[in-house]
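Asks:
Numbering (the working numbering), first residue to last: 818 to 1043.
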């Protein structure tokens, strides 16, 4: 399989050629990837918009995206990782650089001891720290971190590949703790104080998505701690 990037006059394109097995299945099921030939998939970013602060005009950052997708693309798409190692690495980086951050996905359940393996790691950071994270994470960046000017669910977004994990980095004023305090719970995990999404909220999300294995795991955990 080949993982590479190329540019047209209007787009920056991620390309996977020779996709097979698990990689093929994942890409084929992902609505953000387009199959253009047997085993060939592309994902495009328009280069004529203000999304992501015109990141493609920064040669060094663009080169980091290209290099990282080429070397990390397969592991990023496969998504096989040890969530504890990934979260420890992130927690250490954020603590050392005084970054305020919050766990907003299924890793919230995992750090409490619910018996699940997250498919990815969803992280929100305070808006004041987003660009600091952007610079610190160049060795991991896959989909560029930047400002989408309010054209998506959250204003600031990007994706990293950290030890095989797809890590979503989001930021928005509505996610900052001073505006969202009731949706975070502070817990201790592996020597770090971390903010997570409360278990009850995560339970409701899993019910809405009808993820029966996750629902069962949360219920078993709640029964253990009664």
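We put the CB at the ideal spot given by N, CA and C, even for glycine.
Are the CB atoms of residue 872 and residue 859 nearer to each other than 9 Å?
Replies: In this structure, residue 859 does not lie closer than 9 Å to residue 872 by Cβ.
Asks: Between the alpha carbons of residue 884 and residue 876, how many angstroms are there, rounded?
Replies: Answer to the nearest angstrom: the Cα atoms are 12 Å apart.
Asks: Apart from the five residues just before and just after residue 1010, which ones in its own chain have a Cβ nearer than 7 Å to its Cβ?
Replies: 1003, listed in sequence order.
Asks: Taking the C-alpha atoms as reference points, what is the distance between residue 991 and residue 965?
Replies: Answer to the nearest angstrom: the Cα atoms are 15 Å apart.
Asks: Measuring CA to CA, which of 853, 819, 878 is closest to residue 961?
Replies: Per the Cα distances, 878.
Asks: As a quick exercise: from 996, 924, 972, pick the residue whose alpha carbon is nearest that of residue 983.
Replies: The candidate whose alpha carbon is nearest that of residue 983 is 924.
Asks: So for residue 951, helix, strand or coil by DSSP?
Replies: DSSP places residue 951 in helix when its eight states are reduced to three.
Asks: Would you kindly work out how many angstroms separate the C-alpha atoms of residue 1006 and residue 1033, rounded to a whole number?
Replies: Their Cα atoms are separated by approximately 23 Å.
Asks: Going by the beta-carbon positions, is the gap between residue 907 and residue 958 smaller than 9 Å?
Replies: No, these two residues do not count as a Cβ contact at 9 Å.
Asks: With respect to the beta strand (DSSP E) encompassing residue 1079, which residues constitute its N-terminal and C-terminal limits?
Replies: The structure shown has nothing for residue 1079, since the chain only spans 818 to 1043.
Asks: Considering residue 863, what are the terminal residues of the beta strand (DSSP E) in which it resides?
Replies: Where residue 863 is concerned, the enclosing beta strand (DSSP E) stretches over 857 to 863.
Asks: For a test of the three-state rule: what should DSSP assign to residue 1043, helix, strand or coil?
Replies: In this structure, residue 1043 counts as coil in the three-state DSSP scheme.
Asks: If residue 939 sits next to residue 921, beta carbons under 8 Å apart, how far is it from one beta carbon to the other, in whole angstroms?
Replies: So it is a contact: roughly 5 Å between Cβ atoms.
Asks: On the three-state DSSP scale, how would you describe residue 1014?
Replies: In the structure shown, residue 1014 sits in coil (DSSP, three-state: anything other than H, G, I, E or B).
Asks: Could you tell me the distance, in whole angstroms, from the CA atom of residue 944 to the CA atom of residue 997?
Replies: Approximately 13 Å, taken between the alpha carbons.
Asks: Report the option in 834, 863, 857, 848 whose CA atom is closest to the CA atom of residue 828.
Replies: Considering only alpha carbons, the answer is 863.
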